[in-house]
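J.:
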Amino acid sequence: MEKLEALKSYLIAKSNLSAGAISAQVQSMVLKPKGVDEGNQVLLHNLSYRAVINLIGFPYQVQKIASFNAHLMTWLADNDDREELEDAYPSISVDLQDAQTANLAVSLGFEEPVYISSSLDGEIEFADQTWVLGSAEIDWALSAEVTGNLVNLAN
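And the structure:
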């Protein structure tokens with residue numbers, strides 16, 4: 002649930018609230034099995050989940066909710082591919098507390114891959130080995146050479 006934690010941290014940085022005034026909880030999860038061997042790790046499943054981020058005492062007279070919405074949507078655009086999600090659109094409930102503050106509840110879905118890596122000290126048993134939870138490993142090429150015939154590309 003790395004995306005949820007990253008979004009929560011971002012919203013703490015962008016709001017006028019203390020870290021204690023913002024909380025995040027997962028409401029439901031769906032595990033989509035994969036079992037794809039990717040060499041030094043296995044894509045075990047995709048985790049699809051619905052979460053709520055609560056902001057207590059949001060100062061809507063100082064920081065406009067439209068500005069909060071813009072921060073939320075730009076973070077999602079930059080950090081999360083939402084096209085494949087069944088319920089891609091966040092919803093926000095607003096509960097006015099007084100003339101200055103409101104409690105906001107942002108409900109949204111995420112989907113993240115869950116990987117395991119082989120480890121002698123692992124606590125997960127699978128395929129006669131022990132494994133630990135991991136994160137996606139990306140192999141970056143330091144250089145590459147691309148060749149092609151321009152005549153073939155034009156056709």
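Heads up: take any position in the sequence shown, counting from 1, add 1, and you land on our numbering.
Cβ atoms here follow ideal geometry from the backbone N, Cα and C, with glycine treated the same way.
1. Would you list the residues sitting across from R51 in a DSSP beta bridge?
2. For D88, I'd like the list of residues in its chain whose CB is within less than 7 Å of its CB, leaving aside the five on either flank, ordered along the chain.
3. Can you name the start and end residues of the beta strand (DSSP E) that L97 belongs to?
4. Just verifying my parser: in three-state terms, what is the DSSP assignment at D79?
5. Which residue comes first and which comes last in the beta strand (DSSP E) that contains L134?
6. Starting from E126, trace the beta strand (DSSP E) in both directions and tell me its first and last residue.
7. Output the distance between the C-alpha atoms of V31 and I117, rounded to the nearest integer angstrom.
8. Identify every residue that forms a DSSP beta bridge with V43.
9. V107 and L86 - do their beta-carbons sit closer together than 9 Å?
10. Would you identify the three-state DSSP class for L5, choosing helix, strand or coil?
11. Can you tell me which of A7, N41, L12 puts its alpha carbon nearest to the alpha carbon of L105?
12. Can you tell me the Cα-Cα spacing of L143 and N41, whole angstroms?
T.: Based on what the coordinates show:
1. S29, G110
2. G110
3. 92-97
4. helix
5. 130-135
6. 125-127
7. 18 Å
8. D38, I117
9. no
10. helix
11. L12
12. For L143, the pLDDT reaches just 48, beneath the cut-off of 50, and the residue's location in the model is therefore unreliable, although a value from the coordinates is still provided. One C-alpha to the other measures close to 20 Å.
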